[in-house]
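Sequences listed follow chains Y and L, in order.
What the first sequence shows, in my numbering, is residues 70 to 259, in sequence order.
What the second sequence shows, in my numbering, is residues 70 to 259, in sequence order.
Read the structure below first, then the notes.
2 protein chains.
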Amino acid sequence: MAKTGPAAERVVRAGAELADEIGFEQVTPSELARRLGVRTASLYSHVRNAHDLKTKIALLALEELADVAAAAIAGRAGKDALSAFANAYRDYARRHPGRFAAAQFRLDPDAAAASAGVRHSRMMRAILRGYDLTEVQQTHAVRLLGSVFSGYVGLEAAGGFSHSAPASQESWTEILGALDALLRNWPAPS
Amino acid sequence: MAKTGPAAERVVRAGAELADEIGFEQVTPSELARRLGVRTASLYSHVRNAHDLKTKIALLALEELADVAAAAIAGRAGKDALSAFANAYRDYARRHPGRFAAAQFRLDPDAAAASAGVRHSRMMRAILRGYDLTEVQQTHAVRLLGSVFSGYVGLEAAGGFSHSAPASQESWTEILGALDALLRNWPAPS
DNA sequence: CTAATTTGCCTAAAGTCATTAGGCAAACGT
DNA sequence: ACGTTTGCCTAATGACTTTAGGCAAATTAG
């Protein structure tokens with residue numbers, strides 16, 4: 070009946086590791102219980118149900134992602150900050166594919182509100198302070214950058230770029246350069 | 070025992086409709102069978118297993134998406150073509166959220182090779198012919214555009230833009246303008 | 001120190017899925 | 001008319017999710 074407990078966190082953390090090993094989709098209460106050397110039913114003391122487990126892993130991933138991104142942009146500005154942020158994002162996804170997939174998990178509104186999503190957009194806005202954009206343009210740019218990063222990393226993880234030249238790294242570098250150029254010269258609305 | 074049959078296509082098509090109604094993730098053999106008024110086991114005459122069902126829905130969605138995109142860009146060039154393509158993509162996703170989610174389904178390599186993915190990149194390259202890019206820059210641009218479109222539409226579907234001003238449509242228009250500007254003035258490699 | 005409480009886990013059980021095997025009837029081509 | 005194909009069914013197995021109720025060790029309080 071223990072809704073929370075010190076062991077609950079251990080369960081979620083183990084779930085995140087499991088996600089990195091076998092994929093977020095494949096993380097189930099029974100598989101996680103196996104991994105923990107525990108009966109499946111026992112997990113239900115720490116987690117409401119399978120969906121709740123996934124939600125908690127997603128929230129953990131979002132926090133971690135915000136942490137590494139924050140560390141990456143600290144003390145940087147302009148293109149340096151942009152690249153550091155983007156690379157932190159991409160590196161995290163490659164290092165922790167399961168957690169990254171979890172971070173894309175569709176949260177229900179209340180969970181989303183309590184997530185680190187807010188930190189992410191705040192950081193993006195901080196980066197954009199290095200460019201000369203109006204308030205509204207900043208919002209558009211935040212949305213563009215979010216789309217590019219999540220889209221690129223997602224397609225890359227799906228193997229979308231692995232069977233054609235040039236190597237993905239090269240496109241990534243070029244794209245960051247292009248985005249920087251775009252932000253420095255954002256067009257006026259037509 | 071019938072590996073293929075006229076009914077197999079009907080099953081996949083029904084699966085696609087079901088995906089739009091309840092979400093791609095929730096499409097299962099048993100739910101689909103219920104919808105078709107048929108016993109679950111009967112589906113296994115038309116589909117190898119649950120994964121195969123999802124794969125076939127994904128392939129259908131990719132074809133449809135390529136079809137609407139092709140129709141959209143026919144007779145257009147430059148920014149017109151870019152916008153038409155992007156809007157076709159986004160409209161399809163809003164009209165058929167389940168199918169769109171299916172289109173992101175990670176296909177195994179052989180299925181991916183037989184998919185309409187090739188048509189998609191061919192169309193993107195066709196659009197980029199309207200801009201002055203080298204062969205390699207074109208590849209980078211294809212990857213950027215793919216990332217932005219799939220990223221933006223994915224975040225939008227997840228509700229990422231629905232709780233902040235301005236409306237998503239405004240950002241979308243602005244972003245298309247920004248991408249056009251970027252493509253017309255792609256920076257030289259640093 | 002001992003008693004109550006909390007924590008973490010377990011067994012048992014019910015309901016749902018996915019999947020395989022084998023069979024039956026109607027449609028269809030020859 | 002007849003064999004084949006097609007589409008579906010019943011039966012059965014094994015795995016997964018989730019709820020209910022219980023038990024022992026650790027922890028906290030008196």
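C-beta: ideal position from N, C-alpha, C; glycine also.
Coil, strand or helix - residue i by DSSP
i, result
"Gln206(L)", "helix"
"His115(Y)", "coil"
"Ser259(Y)", "coil"
"Phe93(L)", "helix"
"Asp201(Y)", "coil"
"Gln238(Y)", "helix"
"Asn156(Y)", "helix"
"Ala135(Y)", "helix"
"Ala185(Y)", "coil"
"His120(L)", "helix"
"Ala146(L)", "coil"
"Asn254(L)", "coil"
"Arg82(Y)", "helix"
"Arg212(Y)", "helix"
"Arg163(Y)", "helix"
"Arg108(Y)", "coil"
C-beta contact flag for residue i and residue j at 7 Å
i, j, result
"Ala37(Y)", "Phe174(Y)", "Since the displayed chain Y opens at 70 and closes at 259, residue 37(Y) lies outside it and no answer follows."
"Val80(L)", "His115(L)", "yes"
"Gly106(Y)", "Val96(Y)", "no"
"Met193(Y)", "Val211(Y)", "yes"
"Ser184(L)", "Leu131(L)", "yes"
"Ala88(Y)", "Arg168(Y)", "yes"
"Ser219(L)", "Gly228(Y)", "no"
"Trp255(Y)", "Leu202(Y)", "yes"
"Val137(L)", "Ala155(L)", "no"
"Ala135(Y)", "Arg188(Y)", "yes"
"Val145(L)", "Ala139(L)", "A small fix is needed here, since residue 145(L) is Arg in this sequence, not Val. No, these two residues do not count as a Cβ contact at 7 Å."
Proximal chain Y residues relative to residue i, where beta-carbon distance stays under 7 Å
i, result
"Val205(L)", "Pro235"
"Val187(L)", "Within chain Y, no residue comes near Val187(L); the closest Cβ sits about 11 Å away, beyond 7 Å."
"Ser259(L)", "Gly246"
"Pro175(L)", "According to the sequence as given, residue 175(L) is Arg; it is not Pro. Neighbours of Arg175(L) on chain Y, chain order: Ala227."
Element boundaries [alpha helix (DSSP H), containing residue i]
i, result
"His232(Y)", "Unbroken run through His232(Y): none, as it is neither H nor E."
"Pro98(Y)", "Pro98 to Leu105"
"Ala180(L)", "Pro178 to Ala182"
"Arg175(Y)", "From DSSP, Arg175(Y) is part of no alpha helix (DSSP H); its letter is neither H nor E."
Neighbouring residues, chain Y, relative to residue i (Cβ below 8 Å)
i, result
"Thr208(L)", "Ser233, Ala234, Pro235 and Ser240"
"Gly84(L)", "Simply none; closest approach about 18 Å."
"Gly220(L)", "Gly215, Ser216, Val217, Phe218, Ser219, Gly220, Tyr221 and Gly223"
"Ile244(L)", "His209, Arg212, Leu213 and Ser216"
Check: residue i C-beta below 6 Å from any heavy atom of the ligand ZN
i, result
"Asp149(Y)", "As for the ligand ZN, it is missing from this structure, which has no ligand bound."
CB contact below 7 Å: residue i versus chain Y
i, result
"Gly147(L)", "no"
"Arg191(L)", "no"
"Arg104(L)", "no"
Residue-chain proximity (residue i, chain L), Cβ-Cβ < 7 Å
i, result
"Ala247(Y)", "yes"
"Leu251(Y)", "yes"
"Pro256(Y)", "yes"
Interface residues of chain L facing residue i [CB-CB closer than 7 Å]
i, result
"Phe230(Y)", "Arg212"
Contact list for residue i against chain L, beta-carbon separation under 8 Å
i, result
"Ala140(Y)", "None at all; the shortest Cβ gap to chain L is about 24 Å."
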